[in-house]
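One structure is given here, and the rest of the page talks about it.
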Amino acid sequence: MNHAEEIKAGLYKVDQIMASEDASLLSATKECMQTLH
């Protein structure tokens, strides 16, 4: 997987996390930070 594909996959996952109503804002933010790190 090249770098652009990794970024795209990470951003897609972040979008899914933020669209979810299951998690609190804080936990969603933490998960997004871990995904993009």
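In this text, residue positions in the sequence shown follow full-length UniProt numbering: the first is 1, and each later residue adds one. C-beta atoms are modelled at their ideal positions from N, C-alpha and C, and glycine is treated no differently.
Secondary structure of serine 27 (DSSP, three-state): helix. Annotation: the continuous alpha helix (DSSP H) that includes aspartate 15 extends over 3-19. Here the alpha carbon of lysine 13 sits roughly 8 Å from the alpha carbon of cysteine 32.
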